[in-house]
Structures are given as structure tokens and as C-alpha cells.
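Here it is in C-alpha cells:
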């Protein structure tokens with residue numbers, strides 16, 4: 004015999020904005036840390052990893068560069084640094100040309116991807132940190148922070 008359960012007829016709205024913002028921050032942090040680990044791994048390569056390992060690492064680096072390039076493009080052009088502009092141009096060149104033939108070509112291609120990803124990650128983080136510390140004061144510089152990040 005089945006029991007009958009009465010469902011509540013009223014609904015309560017729960018604001019998800021703060022919860023979603025916190026989750027988004029955690030996801031962004033995780034993605035950036037993962038990218039940073041892969042970047043360090045590729046830049047630190049001294050020997051050839053083997054074809055499959057190098058292919059896997061290159062795929063990860065291409066994925067990181069693709070998303071980081073979107074992040075750099077989201078930075079207003081007048082706020083991009085030379086490093087950010089150059090990283091986008093280098094990324095486009097790497098996409099167009101691909102790795103050179105031979106075992107050193109694939110190895111050096113992965114290292115170039117890692118260097119570009121590192122520069123793009125630095126650009127995105129730098130812009131985000133500038134935006135977080137900016138206080139809107141039209142025509143005036145941002146306020147300086149006092150001890151422990153307090154306003155004077």
C-alpha cells in the first residue's frame with residue numbers, strides 16, 4: 004500500500020546570487036590553479052615526455068590558452084598591457100602555424116603554449132586585481148588603502 008504525502012503549496016524564494024558568486028569564484032580559482040600547474044609542468048620540461056604524455060599536455064595547454072585568450076580579450080583594449088597584447092598575437096600565430104615537424108617541434112610547441120598561457124593568466128589576474136582595488140571617483144585617482152585593507 005502506498006502512502007500519501009502532501010506537498011507544500013507555498014514556495015519560498017531563496018536568493019542565489021551570493022551562493023552562485025561564491026561558487027563561481029571557487030571554480031575560477033580551481034581552473035586557474037589547474038592551468039598554472041600545467042603551465043609549470045610544460046615550462047619545466049627538460050626531457051621529452053613521450054608522445055602520448057606530450058600530446059595530452061598540449062591538449063590541456065590549448066584548452067587553457069583558448070579560455071585565457073577570451074579572458075584577455077575581455078580586458079578593455081586601453082587597459083591591456085604589452086604582455087597581454089603580445090600573448091594574444093603569439094597565440095594566434097601558434098594556432099595558425101602549429102608545431103614544427105619532428106620531435107623537438109612538438110616539445111617546443113608545448114613550451115611556447117605554456118609561456119603564452121602564463122602571460123595570459125598574468126594579464127587576466129592583473130586586470131582583475133586592479134578592478135577589485137578600484138574605487139570609482141571620476142577624474143580622481145583611487146583611494147589608497149590603509150593598514151589591513153581599510154579605507155583611511
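Numbering (our numbering), first residue to last: 4 to 155. Note that CB positions come from ideal geometry on N, CA and C, so glycine has one too.
Terminal residues of the alpha helix (DSSP H) in which residue 84 lies: Per DSSP, residue 84 belongs to no alpha helix (DSSP H) and is neither H nor E.
Contact between the segment 92–111 and the segment 37–57: three or more CB pairs below 8 Å? With the cut-off at 8 Å, the segment 92–111 and the segment 37–57 touch.
Assign residue 96 to buried or exposed, taking buried as 16 or more other Cβ atoms, counted over all protein chains shown, within 10 Å of its Cβ. With fewer than 16 Cβ atoms within 10 Å of its Cβ, residue 96 is classed as exposed.
Does the beta-carbon of residue 20 have 16 or more other beta-carbons within 10 angstroms, so that it is buried, or is it exposed? Exposed: under 16 other Cβ atoms inside 10 Å.
Measuring CA to CA, which of 124, 133 and 134 is closest to residue 32? When only C-alpha atoms are compared, the closest one is 124.
I think residue 127 touches residue 75, with their Cβ atoms under 8 Å apart; what is that distance to the nearest whole Å? Contact flag correct, Cβ pair sits at about 6 Å.
Would you check if the distance between the CB atom of residue 67 and the CB atom of residue 120 is smaller than 8 Å? Yes, the pair counts as a contact, with Cβ atoms nearer than the cut-off.
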